[in-house]
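Accompanying notes for the structure given below.
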Amino acid sequence: MIEWTICTVCKSVVDNTNETCPNCGGEVVKHDISFVKDYFNSMLFLIKTVNSLKDFCPPIKDIDYESVLYDDLFNWFGYLGLGDNVITDNELEFINELLEASYTKADIMALSDIEMGSKLLPSFEYAGKIDEFTDGFGIAESLSANLFECFRMCGGLFVFVDGTEVDDTTLKRFNDFISNLKSRLNIDSTNLMTKTASQVLGKIETETQEIPETEEKHSLDEYLEELNKLIGLKKVKKDVNSLINLVQIRKLRDERGIKQPPMSLHLVFSGNPGTGKTTVARLLAKIYHEIGLLSKGHLIETDRSGLVGGYVGQTAIKTQEVIKSAMGGILFIDEAYSLNQASENDYGKEAIDTLLKAMEDNRDDLIVIVAGYPQLMDSFLHSNPGLESRFNKYIYFEDYNETELYEIFMLMATEANLTLDEPAKQYLREYFEAMYEHRSSNFANGRAVRNLFEEVITRQANRLALEEEISDEELNTLTYEDFLIGDDEDEQ
27 MIEWTICTVC KSVVDNTNET CPNCGGEVVK HDISFVKDYF NSMLFLIKTV
77 NSLKDFCPPI KDIDYESVLY DDLFNWFGYL GLGDNVITDN ELEFINELLE
127 ASYTKADIMA LSDIEMGSKL LPSFEYAGKI DEFTDGFGIA ESLSANLFEC
177 FRMCGGLFVF VDGTEVDDTT LKRFNDFISN LKSRLNIDST NLMTKTASQV
227 LGKIETETQE IPETEEKHSL DEYLEELNKL IGLKKVKKDV NSLINLVQIR
277 KLRDERGIKQ PPMSLHLVFS GNPGTGKTTV ARLLAKIYHE IGLLSKGHLI
327 ETDRSGLVGG YVGQTAIKTQ EVIKSAMGGI LFIDEAYSLN QASENDYGKE
377 AIDTLLKAME DNRDDLIVIV AGYPQLMDSF LHSNPGLESR FNKYIYFEDY
427 NETELYEIFM LMATEANLTL DEPAKQYLRE YFEAMYEHRS SNFANGRAVR
477 NLFEEVITRQ ANRLALEEEI SDEELNTLTY EDFLIGDDED EQ
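In short: position in the sequence shown from 1, add 26, done, that's this note's numbering.
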């Protein structure tokens, strides 16, 4: 069975006979291949998202980007594994488990690209073009940076799949490849390997959660204006503005040495999906930073899968790492009620206990927002006295009405440089009226609008593809015909 022994403090890989880390004296924990797969699956979700939008991204329109990634990872692992000219059983298991394949050692010996050390792999070439053309499809961090961390972390753990004794050629291959990538991608932080095992993988796990600071910063007034310009959310804006005013006055009293009672600033955001909870949380983090309440002002989003492990001891480590990455900002936990499951073998309670302690220990530079459906959130908070006492401020996000849904769609169209003809506008108004009137208890709100928008631009693309000559006006106009969702299925 593949296992790594990793220090919970400095993240070094150490010999599995150690009870404490020889580098810093910290506690060590054993991890199996699921530790790598959990990380890889989060990267794969990003790749699948990019792949699903390839019809609108010329650089990858005619390729399967997910397959390109798998091919490049196969070559990366093969290149490292053949540093000593031998593919071991553990190396083979690692490759097949992570890539969900059934390669043989002969396959890897025959198919691996042993000259890849000096190349920029196709997955990185395409990632650069995607970032340039689409700005990461609206994702805050670049695809190239995410891909770099994936190759660095997975490759680093692959090197130690047989233990802490690693040959010089393999170390050189890893270091040369990572250095070359760092230079080409202009990435700042990279841990190269040394011969001493206790120093090799330091901080790899925590650094993968760091997000390059690429967003342009604005003033407090600009962030407040951005908040108040959001479509709908009238009650939310009022509540958030009141909260901001309260925080500003408390900050002023504190600066002047005036005593005041302690107050929890952790929040509950309740409401259906797609109502802007994450958007408001991200703005709140920036606003609190400008006020001086938070040192960084970033937002870390997570859910049960990011906090709860699969075996004893793993959950506390995962939760602590997420909390560490959120320090100085806001930790946003979506569907937080899923942490409180009835099963006695569930580790969600461990995540809650770890979270509550961190909230108490870091009350001056960490804010936690839990979010989800109203009724489920009520049950969750009332299930634990610690939760109930720390989360005593609720902000409810109502469903968007038909007018607001229409405005959201029109904003998406404007941002995509698209206009609608009059029949299309009329159809859209009626469509959202019916959608809102017949909405379910878990109505998807903005997500439903996003799904409709993507369907419509796909239908426009299919319609225009049949024409020999296409004018700029046609490219930039959505027509009534493009909104007749479902007609294709009815005809089949």
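Glycine residues also receive a C-beta, built at the ideal position from the N, C-alpha and C atoms.
Nonlocal neighbours in the same chain, by C-beta distance under 8 angstroms from D29, ignoring five residues either side = It should be noted that the sequence gives Glu, not Asp, for residue 29. Only N42, K56, H57, D58 meet the Cβ criterion.
Please go through the same chain and pick out, in chain order, the residues whose beta-carbon is closer than 7 angstroms to the beta-carbon of L146, but skip the five residues on each side of it.
-> R210
Go through its chain and collect everything with a Cβ distance to N427's Cβ below 8 angstroms, but skip five positions before and after it.
-> G258, Y462
Report the option in S296, A307, A171 whose CA atom is closest to the CA atom of A352.
-> A307
What first and last residue would you give for the alpha helix (DSSP H) that runs through K80?
-> No alpha helix (DSSP H) contains K80, which DSSP labels as neither H nor E.
Alpha-carbon to alpha-carbon, F469 and D425 | 8 angstroms
Bridge partners - L293, DSSP secondary structure assignment | I395
Looking at the structure shown, is T305 part of a helix, part of a strand, or coil, going by DSSP?
-> helix
State the DSSP-derived secondary structure class of I483, mapped to helix, strand or coil.
-> helix
Can you check DSSP and say which residues form a bridge with I343?
-> Bridge partners of I343: none, in fact.
Report yes or no: do three or more beta-carbon pairs, one from the stretch 444 to 457 and one from the stretch 493 to 513, lie closer than 8 angstroms?
-> yes
Go ahead and pull the three-state DSSP assignment for I270.
-> helix
Leaving out the 5 sequence neighbours to the left and right, which residues in its chain are closer than 7 angstroms to T114 when beta-carbon positions are compared?
-> D188
Contacting residues, own chain, Cβ-Cβ under 8 angstroms from M385 (five flanking each side not counted) = H292, L392, V394, R416
Is the number of C-beta pairs between the stretch 280 to 287 and the stretch 297 to 312 that are closer than 8 angstroms three or more?
-> no
If you draw a straight line from the C-alpha of F184 to the C-alpha of Q401, how long is it?
-> 45 angstroms
Taking only runs of the alpha helix (DSSP H) that begin and end inside the stretch 99 to 180, which ones reach a length of at least 4 residues, in chain order?
-> 115 to 125, 131 to 137, 148 to 160
In the structure shown, what three-state DSSP assignment does D404 receive?
-> helix
Where does H57 fall in DSSP's three states?
-> strand
Around the C-beta of S466, are 16 or more other C-beta atoms found within 10 angstroms, so that it is buried, or is it exposed?
-> exposed
Which listed residue (L124, L79, I89) has its alpha carbon closest to that of F100 | L124
Could you work out which residue in R489, F200, L382, S60 is closest to G181 when comparing CA atoms only?
-> F200
What is the DSSP secondary structure of F358, counted as helix, strand or coil?
-> strand
How about K344 and Y249: are their beta carbons less than 7 angstroms apart?
-> no
Less than 8 angstroms between the CB atoms is what I'm expecting for S149 and D81, so what's the real figure, rounded?
-> The Cβ separation is near 19 angstroms, so there is no contact.
According to DSSP, is L437 helix, strand or coil?
-> helix
Out of curiosity, what's the CA-to-CA distance linking Y422 and A377?
-> 25 angstroms
Determine the contact status of E117 and G107, defining contact as a CB-CB distance below 7 angstroms.
-> yes
Local Cβ density within 10 Å of L137, reported as buried at 16 or more and exposed below that | exposed
So what does DSSP say about F203, is it helix, strand or coil?
-> helix
Exposed unless 16 or more other CB atoms sit within 10 angstroms - verdict on S497 = exposed
Straight-line CA distance for D265 to F177?
-> 44 angstroms
Using DSSP with H/G/I as helix, E/B as strand and the rest coil, what is T503?
-> strand
Give the DSSP-derived three-state secondary structure of F423 in the structure shown.
-> strand
Start and end residues, beta strand (DSSP E) containing I326 = 325 to 328
Based on Cα-Cα distance, which residue from E494, K322, P288 lies nearest to V273?
-> P288
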